[in-house]
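The structure appears below as structure tokens.
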């Protein structure tokens with residue numbers, strides 16, 4: 016089973032109380048892939064620039080990621096510079112250079128059009144819709160976005176929401192798009208926009224899943240050392256989608272399991288800068304921590 | 016089994032997006048009692064003023080609370096005025112009139128000195144220590160405090176922490192007293208101050224329990240309508256202590272169960288102003304919601 020992920024492959028400049036990294040491999044699609052790959056095949060759809068280091072290509076290939084739809088555009092790779100302070104809950108964006116991202120038009124093969132699991136990570140909703148329109152009857156489509164698109168391409172985003180099964184948002188985005196403070200109400204409102212399933216990521220406070228049939232609330236894994244939270248949300252999504260793709264049937268039990276694996280995968284992501292930790296993550300480690308997580312949450 | 020609770024009985028003026036109430040019965044000991052009474056006998060140790068309405072006394076008596084150690088001082092009852100906005104997560108204190116609280120010296124009977132379960136709700140740590148010194152070998156002592164004492168009577172508070180089994184704090188207080196942002200680290204640091212068990216209340220994000228033997232993390236009950244969160248933390252503590260007192264043995268399983276019951280009790284508290292909801296709460300309702308909570312959190 017394969018997952019097609021549309022998103023960014025970026026060069027990240029990150030500073031946290033634990034140190035700093037320059038131009039490390041990042042981006043939503045890269046983070047998503049690192050956890051999803053443990054459960055399923057991953058086809059990555061993104062654009063990089065002329066400056067993108069070949070070692071990053073080799074690295075992704077070595078992780079088994081299908082890069083057929085990773086195009087190289089004229090110009091610079093998307094670059095994000097950010098900083099975390101204090102409790103590392105909120106990123107302070109210092110600089111964003113879109114580079115080739117502003118002219119991105121995803122191209123996928125006929126083979127890739129048949130992929131059944133699709134994750135539309137945060138890029139321009141018009142690009143997301145374009146890609147989705149190319150897919151041939153996907154079974155499960157999840158969509159992530161961000162405040163910038165909620166504020167600047169709201170209509171386009173709302174139109175797209177009618178076509179996806181799962182809307183993935185962080186708490187701020189969920190509140191912003193729904194106009195509701197309370198997260199259950201926010202989820203219900205977002206449900207009315209179209210997606211049958213709403214997944215609200217609350218960072219260190221865990222995750223809330225909402226559907227007409229059931230609500231599920233999960234704390235985060237109690238993490239002691241947060242080195243760099245960049246990409247935790249996408250790592251979560253990768254574990255979640257990966258687990259669902261592997262399980263094949265989408266039912267309550269599998270969704271819960273997928274939420275738990277997403278949570279565990281994200282808990283590894285924050286332990287290192289960028290992909291440092293998740294790039295060497297194994298299924299054994301996931302399963303081991305899952306047991307510890309159960310110990311910490313079951314009653 | 017009985018619990019002795021030292022704290023405040025107050026007149027609260029509260030405004031939230033759902034309305035406002037003037038001089039309603041509130042205070043840490045009152046909120047604690049409303050949930051603890053469902054599990055155990057409650058002996059309330061507090062002070063009120065000359066102005067305290069007799070109907071509140073009758074109300075507390077009707078709920079089965081032992082008021083032998085509720086003294087009536089010269090002066091006005093402690094009065095708190097606060098407001099909640101937006102997501103109702105943080106109270107904005109508009110006014111605090113200590114009144115009789117500033118001259119409070121708790122007095123308990125010889126019978127009460129033998130009570131095995133003690134909850135020292137948020138009052139001056141010197142008053143807390145005075146009362147604790149009067150107790151005759153209690154089995155379980157839990158302590159709550161607040162930022163004001165952390166900042167202004169830190170030494171007194173630290174001295175007291177060595178004498179209690181459980182330190183109950185909200186996330187801000189835990190961070191403030193420990194000097195650690197990360198809550199697991201904060202809990203570990205607080206553990207070093209003396210208490211074997213650390214309980215960090217995270218409001219709408221649930222609760223974190225820390226001991227040398229195990230860590231337990233629980234989300235809050237997914238509540239859609241938060242009318243007034245005042246006293247939610249004390250209602251939680253009341254359910255928690257009540258459940259432990261009823262269970263008698265203090266082991267991992269009973270602590271988990273107590274944390275769950277505290278969480279459920281608090282979820283009722285926020286549904287109404289002051290004690291409106293918890294004053295008519297029944298064990299049947301607690302058990303029913305416990306089942307729903309399990310549905311929402313178990314995997």
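Chains as they are written, first to last, in the numbering used here: chain A, 16 to 314; chain B, 16 to 314.
Just so you know, even glycine gets a beta-carbon here, dropped at the ideal spot from N, CA and C.
Remember, it's a predicted structure, so these values are computed and weren't measured experimentally.
Residue i at chain A interface by Cβ criterion, 7 Å
i: residue 191 of chain B; result: no
i: residue 31 of chain B; result: no
i: residue 332 of chain B; result: Any answer about residue 332 of chain B is impossible in this case: the structure gives chain B only from 16 up to 314.
i: residue 221 of chain B; result: yes
Beta carbon proximity, residue i to chain B, threshold 7 Å
i: residue 232 of chain A; result: yes
i: residue 314 of chain A; result: yes
i: residue 253 of chain A; result: no
i: residue 140 of chain A; result: no
i: residue 34 of chain A; result: no
i: residue 287 of chain A; result: no
i: residue 239 of chain A; result: yes
Residue of the options minimising C-alpha distance to residue i
i: residue 174 of chain A; options: A/150, A/294, A/145, A/32; result: A/145
i: residue 312 of chain B; options: A/221, A/200, A/129; result: A/221
i: residue 237 of chain A; options: B/199, B/104, B/41, B/23; result: B/199
i: residue 64 of chain B; options: B/57, B/34, B/87, B/82; result: B/87
i: residue 176 of chain A; options: A/191, A/208, A/183; result: A/208
i: residue 61 of chain B; options: B/19, B/260, B/183; result: B/19
i: residue 84 of chain B; options: B/181, B/98, B/23; result: B/23
i: residue 182 of chain A; options: A/130, A/126, A/255, A/129; result: A/255
i: residue 267 of chain A; options: B/218, B/242, B/210, B/310; result: B/310
i: residue 121 of chain B; options: B/49, B/202, B/21, B/168; result: B/21
i: residue 124 of chain B; options: B/288, B/81, B/68, B/166; result: B/81
i: residue 259 of chain B; options: B/102, B/196, B/133, B/89; result: B/133
i: residue 277 of chain A; options: A/202, A/233, A/180; result: A/233
i: residue 218 of chain B; options: B/106, B/59, B/36; result: B/106
i: residue 51 of chain B; options: B/136, B/148, B/150, B/67; result: B/136
i: residue 170 of chain A; options: A/153, A/141, A/155, A/148; result: A/141
i: residue 110 of chain A; options: A/25, A/204, A/262, A/205; result: A/25
i: residue 216 of chain A; options: A/286, A/244, A/96; result: A/244
i: residue 128 of chain B; options: B/154, B/104, B/117, B/138; result: B/154
i: residue 59 of chain B; options: B/226, B/287, B/130; result: B/130
i: residue 179 of chain A; options: A/98, A/210, A/149; result: A/210
i: residue 253 of chain B; options: B/57, B/77, B/185, B/16; result: B/57
i: residue 99 of chain B; options: B/93, B/108, B/91; result: B/108
i: residue 112 of chain A; options: A/195, A/95, A/204, A/289; result: A/95
One or two residues paired with residue i in a DSSP bridge
i: residue 132 of chain B; result: B/18, B/155
i: residue 95 of chain A; result: A/27, A/111
i: residue 87 of chain B; result: B/63
i: residue 215 of chain A; result: A/184, A/223
i: residue 81 of chain A; result: A/58
i: residue 45 of chain B; result: According to DSSP, residue 45 of chain B bridges with nothing at all.
i: residue 39 of chain B; result: B/27
i: residue 231 of chain B; result: B/224
i: residue 280 of chain B; result: Answer is none; residue 280 of chain B lacks a bridge partner.
i: residue 148 of chain B; result: DSSP, once it has assigned bridges, lists no residue as partnering residue 148 of chain B.
i: residue 106 of chain B; result: B/99
Any C-beta of chain C under 7 Å from that of residue i
i: residue 30 of chain B; result: Given the protein chain composition of this structure (A and B), no chain C is represented.
- Query: Contact between the segment 63-72 of chain A and the segment 278-291 of chain A: three or more CB pairs below 8 Å?
  - Reply: Three or more beta-carbon pairs separated by less than 8 Å are not found between the segment 63-72 of chain A and the segment 278-291 of chain A, which leaves the two stretches without contact.
- the segment 97-119 of chain B: which residues have C-beta closer than 7 Å to a C-beta of chain A, in chain order? 101, 102
- Item | the segment 255-280 of chain B: positions lying closer than 7 Å to chain A by Cβ | 271, 272, 275
- Query: Taking a cut of 8 Å between CB atoms, which residues from the segment 51-83 of chain A lie near chain B?
  - Reply: Taking 8 Å as the cut-off between beta carbons, none of the residues of the segment 51-83 of chain A comes near chain B.
- Proximal residues, the segment 167-201 of chain B versus chain A, C-beta separation under 7 Å: 196, 197, 199, 200
- Determine which residues of the segment 298-309 of chain B have a Cβ less than 7 Å from any Cβ of chain A, and write them out in chain order. none
- Task: With 9 Å as the C-beta to C-beta threshold (strictly closer), list the residues of the segment 241-252 of chain A near chain B in chain order.
- Result: 241
- Query: Is the segment 259-273 of chain B touching the segment 22-35 of chain B in the sense that three or more CB pairs, one from each, lie closer than 8 Å?
  - Reply: no
- Query: Counting Cβ pairs, one atom from each stretch, are 3 or more of them under 8 Å apart for the segment 289-296 of chain A and the segment 37-45 of chain A?
  - Reply: yes
- Message: Would you call the segment 161-169 of chain B in contact with the segment 180-196 of chain B, where contact means no fewer than 3 C-beta pairs closer than 8 Å?
- Response: With a cut-off of 8 Å on Cβ pairs, the segment 161-169 of chain B is in contact with the segment 180-196 of chain B, counting three or more such pairs.
- Are there three or more Cβ pairs, one per stretch, closer than 8 Å when the segment 247-262 of chain A is compared with the segment 44-52 of chain A? Contact between the segment 247-262 of chain A and the segment 44-52 of chain A is present, with at least three C-beta pairs closer than 8 Å.
- Please name the residues in the segment 208-220 of chain A whose beta-carbon is closer than 9 Å to at least one beta-carbon of chain B, in chain order. Cβ contacts with chain B come from 217, 219, 220.
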